[in-house]
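J.: Read top to bottom, the protein sequences are chains A and B.
For the first sequence, position 58 (counting from the first letter as 1) is numbered 58 according to my numbering, and the numbering increases by one without interruption.
If you want my numbering, it's the 1-based position in the second sequence plus 1000.
Just so it is clear, CB atoms sit at the ideal spot from N, CA and C, and this is done for glycine as well.
Values in this document were obtained by computation on a predicted structure and should not be read as measured data.
2 protein chains.
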Amino acid sequence: MLKLDARTKLLNAAIEVVRAQGYAATSVDELCRKAGVTKGAFFHHFETKDALAVAAANYWSETTGALFAQAPYHTPADPLDRVLAYIDFRKDLLQGTPAEFSCFVGTTVQEAFGSSDEIRAACKASIFGHAETLVADISEAIRRYKVKGTWTAQSLALHTQAVLQGAFIIAKASGSATTAADSVNHLRRYIELLFNRKPTKRKTK
Amino acid sequence: MLKLDARTKLLNAAIEVVRAQGYAATSVDELCRKAGVTKGAFFHHFETKDALAVAAANYWSETTGALFAQAPYHTPADPLDRVLAYIDFRKDLLQGTPAEFSCFVGTTVQEAFGSSDEIRAACKASIFGHAETLVADISEAIRRYKVKGTWTAQSLALHTQAVLQGAFIIAKASGSATTAADSVNHLRRYIELLFNRKPTKRKTK
DNA sequence: GACACAATACCAACCGGTCGGTATGAGGAG
DNA sequence: CTCCTCATACCGACCGGTTGGTATTGTGTC
Chain A
1 MLKLDARTKL LNAAIEVVRA QGYAATSVDE LCRKAGVTKG AFFHHFETKD ALAVAAANYW
61 SETTGALFAQ APYHTPADPL DRVLAYIDFR KDLLQGTPAE FSCFVGTTVQ EAFGSSDEIR
121 AACKASIFGH AETLVADISE AIRRYKVKGT WTAQSLALHT QAVLQGAFII AKASGSATTA
181 ADSVNHLRRY IELLFNRKPT KRKTK
Chain B
1001 MLKLDARTKL LNAAIEVVRA QGYAATSVDE LCRKAGVTKG AFFHHFETKD ALAVAAANYW
1061 SETTGALFAQ APYHTPADPL DRVLAYIDFR KDLLQGTPAE FSCFVGTTVQ EAFGSSDEIR
1121 AACKASIFGH AETLVADISE AIRRYKVKGT WTAQSLALHT QAVLQGAFII AKASGSATTA
1181 ADSVNHLRRY IELLFNRKPT KRKTK
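#1: Applying the 10 Å Cβ sphere with the 16-neighbour rule, what's the burial state of PRO1079 (chain B)?
#2: So, is the C-beta of ILE142 (chain A) closer than 8 Å to a C-beta in chain B?
#3: Is ASP137 (chain A) near ARG82 (chain A), with beta carbons less than 8 Å apart?
#4: Is the CB of GLY96 (chain A) under 8 Å away from at least one CB in chain B?
#5: Please report how far the alpha carbon of THR26 (chain A) lies from the alpha carbon of ALA173 (chain A), in whole angstroms.
#6: Considering Cα atoms alone, identify which of B:ALA1055, B:THR1160 and B:ARG1007 is closest to CYS1032 (chain B).
#7: Is LYS1039 (chain B) buried or exposed, if buried means 16 or more other CB atoms sit within 10 Å of its CB?
#8: Give the residues from the region 107-125 of chain A that approach chain B closer than 7 Å (Cβ to any Cβ), ordered along the chain.
#9: The alpha helix (DSSP H) with ALA1013 (chain B) in it runs from where to where?
#10: With burial defined as no fewer than 16 other Cβ atoms inside 10 Å of the residue's Cβ, what is the status of ALA1112 (chain B): buried or exposed?
#11: Run through DSSP, which three-state label would TYR1145 (chain B) get?
#12: Taking just the CA atoms, how far does SER115 (chain A) sit from LEU194 (chain A)?
#13: Could you say if the region 44-63 of chain A and the region 8-22 of chain A meet the contact criterion of at least three C-beta pairs nearer than 8 Å?
#14: According to DSSP, is ARG1197 (chain B) part of a helix, a strand, or is it coil?
#15: For THR200 (chain A) and HIS186 (chain A), what's the separation of their Cα atoms in angstroms?
#16: Would a C-beta distance cut-off of 8 Å place GLN95 (chain A) and ALA14 (chain A) closer than the cut-off?
#17: Under the assumption that ILE1127 (chain B) contacts ALA162 (chain A) (Cβ atoms under 8 Å), give the Cβ distance between them as a whole number of angstroms.
#18: Rounded to the nearest angstrom, what separates GLU1192 (chain B) and ALA1121 (chain B) at their Cα positions?
#19: Let me confirm a value: ASP1029 (chain B) is counted as buried when at least 16 other C-beta atoms fall within 10 Å, else exposed. Which label applies?
#20: Could you give the residue range of the alpha helix (DSSP H) that holds TYR159 (chain A)?
#21: Could one say the Cβ of SER1174 (chain B) lies closer than 8 Å to chain A's Cβ atoms, at least one of them?
#22: Does any residue of chain B bring its CB to less than 8 Å from the CB of LYS203 (chain A)?
As structure tokens, then:
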């Protein structure tokens, strides 16, 4: 981390600290301390604290986007298997403390949706953008399995994100990653039922 | 609200303001202003700001507990119908802005789980306690419909809360209550599928 | 007059943000 | 090559306002 420039160090620090204590409770000074950077550097790179939040949300989109793009859940030939492998992948990420596995933009938007429309929009773009990466596989699975229903691939993709966000909150309240994993299990079962797939052991990893 | 004592006015103000802007971003002074009460009164009734949060979480449990206890979703004879009616009831509550329909303890615990174990515990008790009120109906439905599975009534009850909490976050990000209702629809469909119930129009109101 | 309750004045610490300044390095002119 | 200029990156003391919390003084009701 030492070779990174001040801007990137601040973005990484923001994601780490905000996930642990929330956005409003995180001060600019603390961020600078954590990043090993001075306050002057902070306001050189970001006009305001809110601007940092917007940049961090976009940075979160990029880094997690790259993580999911190269994740192994894309390999199955069957689109439904890919969707289920995605769910399993998300479950695997539920390790350690909530501060480690929870979602930066989910945490931030909950606090800032009323005070900054720029932050809200950046967080929305992150969540909805990630959901969008699931739509192709879901749509293909709908066609392949000839599933009929009043719901759309988009709404199911967004529902997976809602379940994950909710699971993070339950985990924060209970202090247990297991309760979060329980919800993800229910989500997996829901998708199996939707597509008439018999309950399966996970195929990947 | 004028006839209420200072303590209750502060609790109501806390729930209203925190839902709109979050816990950390809400100052004691603002709470006092909103409640029409002085700072002296605040610290007479609550030792610290955190103590107010704990009291507000318990107050939230009581008031929402009363709301749900007298709600009409308990009337159907079939336990599964009661569970589905509960889901419908929750969906009906998704009116107006996120600040109006979102959950005080869900918002608060997300910010305070790392800094105050008392707040965390009070919020956990509220969420888990509410989930517990669903367990009897779910258990009865499991018996009546002879459903087999690896999941428990408790885990399904908690999953409903996770979906709702997640739906609140999606609503805050999107600024739309409709997207939250979409997730609740998926939750309802999941429960119908779990119990082999044909998709139904809602029975209660 | 005892006691719960509330109003006001006040405090030190901390907040986001500002500002004058320095370090470094690229590019052009001579 | 040397010198000058300019832009970018960064520094840290400082500012006014706000924070959670305290101390003191009423005031209404048994």
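T.: According to the structure shown:
#1: buried
#2: So no, ILE142 (chain A) is outside the interface.
#3: yes
#4: no
#5: Between the C-alpha atoms of THR26 (chain A) and ALA173 (chain A) there is a straight-line separation of about 20 Å.
#6: Minimum Cα distance to CYS1032 (chain B) is reached at B:ARG1007.
#7: Classification for LYS1039 (chain B): exposed.
#8: For chain B, the residues of the region 107-125 of chain A that bring a beta carbon within less than 7 Å of one of its beta carbons are THR107, VAL109, GLN110, GLU111, PHE113, GLY114, SER115, ARG120, CYS123 and LYS124, in chain order.
#9: ALA1013 (chain B) -> alpha helix (DSSP H) spans 1006-1021.
#10: buried
#11: coil
#12: 39 Å
#13: Using a C-beta cut-off of 8 Å, the region 44-63 of chain A makes contact with the region 8-22 of chain A, since at least three inter-stretch Cβ pairs fall below that distance.
#14: coil
#15: 13 Å
#16: Cβ atoms of GLN95 (chain A) and ALA14 (chain A): not closer than 8 Å.
#17: Going by Cβ atoms, the distance from ILE1127 (chain B) to ALA162 (chain A) rounds to 16 Å, so no, they are not a contact pair.
#18: 33 Å
#19: Flag for ASP1029 (chain B) reads exposed.
#20: Going by the sequence as given, residue 159 (chain A) is His instead of Tyr. Start and end: 153-174.
#21: yes
#22: Its pLDDT being 48, under 50, LYS203 (chain A) is placed unreliably by the model, and the measurement read from it follows with that caveat. Judged by the 8 Å Cβ criterion, LYS203 (chain A) is not in contact with chain B.
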